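**Q** Right, I'll just put the structure down here and ask away after.
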Amino acid sequence: MYFNKIRKKKHLKKIAKAVVVGITAISLTIGVKDLAMVDTISAEEVSANEVFSDKDVKRMKTAMNSSPIYNDYKLNHKDALGSVSKLTKVTASRRMDVYPYRKGVILVTSDAYKDLIPTGHAAIIYDTFNVVESLAVGVTTGKNDWYRTRTTCYGVAMLHTNMDQDRAAANYCYKQIGKPYNYNYYNMKTRKKFYCSQLIYAAYLDKFKIDLNTKWFDVGSLHAIHPGELVLSPETYKIYQK
1 MYFNKIRKKK HLKKIAKAVV VGITAISLTI GVKDLAMVDT ISAEEVSANE VFSDKDVKRM
61 KTAMNSSPIY NDYKLNHKDA LGSVSKLTKV TASRRMDVYP YRKGVILVTS DAYKDLIPTG
121 HAAIIYDTFN VVESLAVGVT TGKNDWYRTR TTCYGVAMLH TNMDQDRAAA NYCYKQIGKP
181 YNYNYYNMKT RKKFYCSQLI YAAYLDKFKI DLNTKWFDVG SLHAIHPGEL VLSPETYKIY
241 QK
């Protein structure tokens, strides 16, 4: 992955105003020579479109679509895989006949979803019929029917976990049901509220110390995770694409 320096300069002053750990207002230095000091403001005022720029999201979608699709290794093996080189590729035409229902599989869509994170949403499969996701109403359950209700859909499996750990991650997300939506996209440390991709990130980080965040939308010490990063993370492999 590479960092978009042009985008960084363009949005630097806006993004530098974010508050990382949910504090109402703090000063933050990003380490740019021509910016010795930054203003203070609530991070809630930094919009999703500022954090996840259209240009970078479009580039991410291209990378998501071009990444290979593999068989779900864990359907036939109990242990973690550990290496992409051991995976078996499938054709890019793979569709709903192999849509994943395994507990702990991550679902990602690049569709625009209810004015939250632009062109992106993520959930984790809880059982055959349900996913756990974070929407405007907060963490809740939804139908496991993305092959039918989404224009685009990616199924993602973890490389370095076994099936029991994947189930534990889904249970972690389920236990967060009722917590509110986190509009502070840079506040990935909070566990009092969640946005969709942060919820899944938190599950694997807290349970197994696996960090799914990449550098796509990080600026200095500010970290945010777009749903598409769950597809492109070196800790995951794509098992389904619509």
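When you number the sequence shown by our numbering, it's gap-free, plus one each residue, and the end is 242. All residues carry an ideal CB built from backbone N, CA and C; glycine is no exception. Since the model is a prediction, treat every value here as computed from it, not as a measurement.
#1: Buried or exposed for residue 203, please, with buried defined as at least 16 other CB atoms from any protein chain shown within 10 angstroms of its CB.
#2: For residue 35, which residues in the same chain have their Cβ closer than 6 Å to its Cβ, ignoring the five residues on either side in sequence?
#3: Pull up the CB-CB distance for residue 73 and residue 103, whole angstroms please, since I reckon it's below 8 Å.
#4: Could you give the distance in angstroms between the alpha-carbon of residue 49 and the alpha-carbon of residue 160?
#5: By the three-class DSSP mapping on this structure, what secondary structure does residue 238 have?
#6: Assign residue 227 to buried or exposed, taking buried as 16 or more other Cβ atoms, counted over all protein chains shown, within 10 Å of its Cβ.
#7: In terms of DSSP beta bridges, what is residue 135 paired with?
#8: Just verifying my parser: in three-state terms, what is the DSSP assignment at residue 220?
#9: Looking at residue 186 and residue 223, is the spacing between their C-beta atoms short of 8 Å?
#10: So does the stretch 80-92 actually touch the stretch 168-176, counting three or more Cβ pairs closer than 8 Å?
#11: Could you check if residue 197 is buried or exposed, using at least 16 other CB atoms within 10 Å of its CB as the buried criterion?
#12: Between which two residues does the alpha helix (DSSP H) harbouring residue 109 extend?
#13: With a threshold of 16 other CB atoms inside 10 Å of the CB of residue 100, please say whether the residue is buried or exposed.
#14: Tell me whether residue 178, by its Cβ, gets closer than 7 Å to a heavy atom of the ligand GTP.
#15: Find the nearest neighbour of residue 88 within the set 62, 68, 241 and 208, judged by alpha-carbon distance.
#16: Thinking just about the alpha-carbon of each residue, which of 177, 242 and 237 is nearest to the one in residue 80?
#17: Can you give the Cα-Cα distance for residue 207 and residue 83, rounded to whole angstroms?
**A** Inspection of the coordinates gives the following:
#1: For the purposes of this step, residue 203 is taken as the residue at position 203 of the sequence shown. Classification of residue 203: buried, given that the 10 Å Cβ count is 16 or more.
#2: Mapped onto the sequence shown, residue 35 falls at position 35. Note that residue 35 scores 30 on pLDDT, short of 50, meaning its location in the model is unreliable; the coordinates nonetheless yield the value given after this. Within the same chain, residue 35 has no close Cβ partners at all.
#3: Reading the sequence shown from its first residue, position 73 is the one you call residue 73. Reading the sequence shown from its first residue, position 103 is the one you call residue 103. The pair is not a contact, with the Cβ atoms about 15 Å apart (cut-off 8 Å).
#4: Within the sequence shown, residue 49 is the residue found at index 49, counting from 1. Within the sequence shown, residue 160 is the residue found at index 160, counting from 1. Cα to Cα, the separation comes out at about 32 Å.
#5: On the sequence shown, position 238 is the one that residue 238 refers to. Looking at residue 238 - three-state DSSP - the assignment turns out to be strand.
#6: Numbered from its first residue, the sequence shown carries residue 227 at position 227. By the neighbour-count rule (16 or more Cβ atoms within 10 Å), residue 227 is buried.
#7: Within the sequence shown, residue 135 is the residue found at index 135, counting from 1. Note: residue 135 sits in a beta bridge opposite 138.
#8: Counting from one through the sequence shown, the residue named residue 220 turns up at place 220. Note: residue 220 maps to coil in three-state DSSP.
#9: Residue mapping note: residue 223 aligns to position 223 of the sequence shown, counting from 1. Residue mapping note: residue 186 aligns to position 186 of the sequence shown, counting from 1. Result yes, Cβ atoms of residue 223 and residue 186 sit closer than 8 Å.
#10: no
#11: As a first step, residue 197 must be located in the sequence shown, where it is residue number 197. Residue 197 comes out buried.
#12: Numbered from 1 along the sequence shown, position 109 holds the residue referred to as residue 109. Looking at the DSSP string, residue 109 is not in any alpha helix (DSSP H); the run it does join, the beta strand (DSSP E), is 106-109.
#13: Position 100 of the sequence shown, counting from 1, holds the residue named residue 100. Residue 100 is buried by the Cβ-count criterion.
#14: The ligand GTP is absent from the structure shown, which contains no ligand whatsoever.
#15: On the sequence shown, residue 88 is found 88 positions in, with the first residue counted as 1. The residue with the shortest Cα to Cα distance from residue 88 is 68.
#16: As a working mapping, residue 80 is identified with position 80 in the sequence shown. It is 237.
#17: The count along the sequence shown starts at 1 and reaches residue 207 at position 207. The count along the sequence shown starts at 1 and reaches residue 83 at position 83. Cα-Cα distance, rounded: 21 Å.
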